[in-house]
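The sequence shown lines up with residues -21 to -1, 1 to 251 when you count with mature numbering (1 follows the signal peptide of the UniProt record, and there is no 0).
Accompanying notes for the structure given below.
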Amino acid sequence: MKLHKTLIALALAGAAFSAHAHKPWLLPSSTLVEGKEPWVTVDAAISEGLFDIDHVPLKLDGIRITGPDGAAVTPENASTGKLRSTFDVKMAKSGTYRIALVSQTAFASWKANGETKRWRGLESALAQEVPANAEDLKVSRTNGRLETFVSANEPDTAVFKPSGSGLELVPVTHPNDMRAGEKATWRFLLDGKPAANLPFSLIPGGVRYRGTLGEIRQSTDAKGEITFTIPAAGMYLVSSSWPAAAPAQPGQPPQMPARRATYAATVEVLPQ
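Laid out in structure tokens, this is it:
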């Protein structure tokens, strides 16, 4: 289980990714359903093609489901196969549910007997794995968040109360109430404060059938907000990271900031 949690955390640490990186994602069967006690099924995987089942499953140890009343909801019928994991969510109460994987990871490098040592894993294991008095010790920490939202009957906004830690999406336009051709407004926060000038990426599913990525890139304003029009219906992955990556220097290893935050979420855009 410890290894599984570490793999989840490392996947989340890279959740804001390049076009060709492996992508972790949560994909609900639907984001807006009606009924007395509706259900959704969620697939969870890491893949090379967005929403394609082509690499490895996401382990489900760290899944947190929060109901519209703030109570924790237990996933049902959970299973992990060779290429994907899956679980069901029973929505006993009307409103919006948050399904999330949240992690805190660390990367450390230091010198020991003239050799460079490196370690990467959960921040909670840092003190046990890395000597506190190590020579030339450098530590980089990453807050990662991967999530999706589903609503039973009528969407509400209770689950969007920010935690104040890492990168978070606090939507002005509800992510379960977006339609093609209409404007939507999102607000990004970093540690509870507006994330100004934050670049983010929006990629629609179905890349393998289009042959082109179809990526939309935007940046937030001084309030951490962005208003945009989504051109077509479908499932999308929104992702972002802070701070921006430092330019690579010839002959030098990539520079790791002392702290990094990543965010990714699956959202559905409905037809008009």
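Glycine included, every Cβ here is placed at the ideal spot set by N, Cα and C.
Keep in mind that this is a model prediction, so the values were computed, not measured.
In the three-state scheme derived from DSSP, where H, G and I count as helix and E and B as strand, Val149 is classed as coil.
In this structure, Ala237 sits away from Ser220, with a CB-CB distance that is not shorter than 8 Å. Checking the DSSP bridge columns, you'll see Ser180 partnered with Arg196 and Ser218. Beta-bridge analysis with DSSP links Gly74 to Ala131. Take Arg99, set aside five residues on each side of it, and the residues of its chain with a beta-carbon closer than 8 Å to its own are Leu(-12), Thr84, Ala85, Phe86 and Ala87, in chain order. For the pair Leu37 and Pro3, the CB atoms are nearer than the 8 Å cut-off.
Counting C-beta pairs with one atom in each stretch, the segment 66 to 76 and the segment 127 to 135 have three or more that are closer than 8 Å, which means they touch.
Glu27 and Tyr188 have their C-alpha atoms spaced approximately 14 Å apart. For Leu105, the uninterrupted alpha helix (DSSP H) run begins and ends at Leu105 to Glu108, by DSSP.
Around the Cβ of Thr121, a 10 Å sphere holds 16 or more other Cβ atoms; the residue is buried.
The distance from the Cβ of Gly160 to that of Thr208 is about 7 Å, consistent with a contact at the 8 Å cut-off. A residue is called buried once 16 or more other Cβ atoms fall within 10 Å of its Cβ, and Asp22 is buried on that count. The DSSP assignment places 43 to 45 and 55 to 59 as complete runs of the beta strand (DSSP E) inside the segment 24 to 68, in order along the chain (cut-off: 3 residues). In this structure, DSSP gives Glu161 a state outside helix and strand, which the three-state scheme calls coil. By the Cβ neighbour-count rule, Glu108 is exposed, with fewer than 16 other Cβ atoms within 10 Å of its own. In the DSSP secondary-structure assignment, Ser82 is bridged to Gly123. Here the alpha carbons of Ile25 and Ala(-1) stand approximately 10 Å from one another. In the structure shown, the three-state DSSP call for Glu114 is strand. Under the DSSP assignment, Val186 falls in the alpha helix (DSSP H) whose first and last residues are Val186 to Arg189. Remark: C-beta atoms of Leu146 and Ala174 approach each other more closely than 8 Å. Residue pairing by DSSP puts Thr95 in a beta bridge opposite Lys90.
Our two residues, Val81 and Ile42, have alpha carbons roughly 8 Å apart in a direct line. Counting only the Cα atoms, Lys140 lies some 21 Å from Val68.
Only exposed fits Asn92, as fewer than 16 other CB atoms lie within 10 angstroms of its CB. Judged by DSSP in its simplified three-state form, Glu102 adopts helix. Here DSSP, grouped into helix, strand and coil, assigns Ala237 to coil. Assignment of Ala244 by DSSP, reduced to helix, strand and coil, places it in the strand class.
Of all alpha-carbon atoms in Thr245, Leu39, Pro47 and Pro150, the one lying nearest the alpha-carbon of Glu55 is that of Leu39.
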